[in-house]
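I have placed the structure first, in the form of structure tokens, so that the comments after it can refer back to it.
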Amino acid sequence: MKLFENIRKHEKLINRITSVLLLLSCIIMFVLSLKNHYNFLVYPYQLEYREGAGLSAAQDFLQNENPYDLSQQPQHTYIYGFLYPYLVSKAANVYGNTLFVHRAFTYFFLTATSVIIFFVLLRMKAGWIFSFAGLVFLQQSLINASNTSTSRPEGLGIFLMTFGIIIPWFWNYNRISLYASIVLGILGFLTKQYYLFVIPAIVVYLFLFVSKKKAMEYFLTSVVSLILTLVILDYVFPLYLSNTLFTHLHYATYSYQYMKDQVAVFAEVNVYLILIIVLSCIFMIRQYLETRSYMSINEIFQDVKKLFVFESASTLSKPLISSNGDLLFPLTLMLALFIFMINLGGHTGNYMAAYLFQLASPFLILVTFQTLNSTKDLLFRSFACLVLIITLNVAFGLQKIDFERFTSCFIQIEEIIKSSKSPLNSPENVSVIIQEGKPVHNSGHSEYFLSSNHKTERTNDYENEINNKITNKEFDVILLTEGYYSFFVDKGLLYQNYKLKNKLCAPMILQEWKTEIWEPKK
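The opening position of the sequence shown corresponds to residue 9 in this note's numbering, with each subsequent residue numbered one higher.
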């Protein structure tokens with residue numbers, strides 16, 4: 009007891025020391041992360057199996073081709089929105105359509121999202137140290153846990169989603185900010201479909217806590233805008249809806265057990281942040297009760313009821329619930345988790361809970377520091393700083409990749425492609441094919457078009473074209489992913505006309521593939 013009293017006497021000093029330690033830890037992690045990410049940027053080969061698909065779509069835009077036109081299917085099939093490859097193609101027009109340009113573009117928007125979180129926390133009066141910690145935590149969460157630092161659309165999508173939800177909050181849900189939110193939500197949808205999350209998140213919050221009338225206006229404007237957008241898309245990009253919507257519906261699966269496993273991954277990584285939120289809430293409740301120690305239990309209960317007042321459903325100008333609390337970010341976090349659990353989380357293509365990290369991480373970070381900042385107990389804040397330091401170094405540590413081993417494997421594949429006049433590529437070497445100026449036959453998304461229910465005469469023609477070239481031995485080398493090409497080539501024709509010369513490793517961040525090298529029989 010005496011020890012605790014002595015600690016209490018020095019709680020301000022302890023809080024300063026732990027805050028400085030947290031700041032130093034964040035600065036060190038930020039600098040090391042920059043260095044680590046530079047290695048990702050300059051690594052010349054793909055780090056993810058389908059990382060080349062975005063380069064293929066950007067190449068179409070560079071050549072004034074339409075990646076959603078039937079003539080580009082299935083060799084250049086791209087199943088995400090056009091916005092990412094289109095915007096990157098503008099930079100690629102100057103600097104080249106390389107993995108470096110794509111990854112730098114993605115990293116720029118991941119960093120921009122983290123900067124937004126920094127300024128939001130400052131506006132919430134979390135202080136410079138907690139605000140900077142929020143920036144570093146979010147960047148590490150998005151880069152490490154969900155692998156969004158590769159040449160994929162998620163970096164741009166997360167930025168649009170986060171900005172689209174924060175703008176109305178920043179401008180107190182005025183009309184202009186709500187229109188801007190709708191635009192950003194639709195742009196998010198045009199990047200990757202589930203970033204439309206902006207719109208349901210804002211609709212629900214407006215209806216519950218701002219104004220039922222604003223919620224209805226926002227919802228109707230969003231629906232009309234989205235319908236007009238889809239009509240224009242269908243006109244400009246003939247296969248856009250087929251590739252980006254119907255293909256996903258065709259492949260959609262739901263496994264309850266898989267969803268639980270993904271939630272467990274997210275909870276395990278963020279367990280200390282969740283702990284801080286829970287303990288902060290307990291401390292806030294304790295502080296609330298201490299300031300009302302003179303009141304009876306019934307009086308406290310009546311006082312609590314005033315925090316959330318249910319309004320008449322018929323009064324459109326008022327929300328359903330009147331509250332003085334700032335509840336947008338907690339509500340958005342819960343809504344993201346709900347959508348993940350009932351839909352996205354059961355999709356077996358969702359690896360390492362990537363969808364949940366992308367939708368929820370910005371708001372988990374905000375809620376963590378929002379609740380922590382609401383507690384005035386300096387010793388608890390000091391304890392939280394120590395927990396954050398541990399979390400940063402354990403759960404959000406640097407991603408270590410053996411780039412030397414990766415490079416030595418891919419150099420052999422690159423040399424084979426360079427010396428070939430007419431290669432048939434596999435997904436893991438699309439970037440090398442584009443770099444060498446050779447035609448892409450399999451973008452990495454091609455299998456989705458070839459295996460879907462909406463096969464067309466063009467699909468059959470393409471399959472026949474590939475098989476005829478195999479029969480006539482027109483490919484001087486065929487590169488295929490081991491055990492993963494039956495959708496693409498006729499095995500019988502392949503074995504009849506080509507021989508397997510070698511199997512080369514193709515290591516990537518989460519998986520290690522093997523590339524089969526086939527050469528024509530003499």
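Beta carbons: idealized from backbone N, C-alpha and C, even for Gly.
Asked	Found
Bridge partner(s) assigned by DSSP for Glu482	Beta-bridge pairing links Glu482 to no other residue.
Residues bridged to Ala362 [DSSP beta-bridge criterion]	None; Ala362 has no bridge partner.
Euclidean distance between Cα positions of Ile240 and Ile478	40 Å
Residues bridged to Tyr506 (per DSSP)	Pro528
Three-state class that DSSP yields for Trp177 in the structure shown	helix
Cross-strand partners of Lys511 (DSSP beta bridge)	Glu524
Distance between beta carbons of Leu107 and Ser434, contact taken as under 8 Å	Actually they are not in contact, since the Cβ atoms of Ser434 and Leu107 sit about 17 Å apart, beyond 8 Å.
Own chain partners of Ala61 with C-beta closer than 6 Å, once the 5 adjacent residues on each side are dropped	Tyr86, Ser451, Gly452 and His453
Cβ shell of Thr7 (< 7 Å), same chain only, five flanking positions each side left out	Since the displayed the chain opens at 9 and closes at 530, residue 7 lies outside it and no answer follows.
Beta-carbon proximity list for Lys529, same chain, < 7 Å, skipping 5 on both sides	Asn505, Tyr506 and Lys507
Element boundaries [alpha helix (DSSP H), containing Gln270]	Tyr264 to Val277
Assigned secondary structure, Ser434 (DSSP; H/G/I helix, E/B strand, else coil)	coil
Whether Ile285 touches Thr379 by CB criterion (8 Å)	yes
Span separating the alpha-carbon of Phe377 from that of Ile125	11 Å
DSSP-derived helix/strand/coil call for Leu55	coil
Thr158 - partner residues in DSSP beta bridges	None, per the DSSP bridge assignment.
Contact set for Tyr264: own chain, Cβ-Cβ below 7 Å, skip 5 residues either direction	Gly354
Cutoff 8 Å; reference Arg131; Cβ partners in own chain excluding five residues on either side	Phe178
For Thr489, the residue or residues it bridges with in DSSP	Thr523
Of the residues Ala65, Leu30, Tyr53 and Leu21, the one placed nearest His449, counting alpha carbons only	Ala65
For Gly193, three-class secondary structure by DSSP	helix
Cβ-Cβ distance between Val211 and Tyr226 below 8 Å	yes
Three-state secondary structure assigned by DSSP to Pro93	helix
Segment contact flag, the region 155–169 with the region 196–203, C-beta cutoff 8 Å, min 3 pairs	yes
8 Å Cβ cutoff met for Phe365 and Ser149	yes
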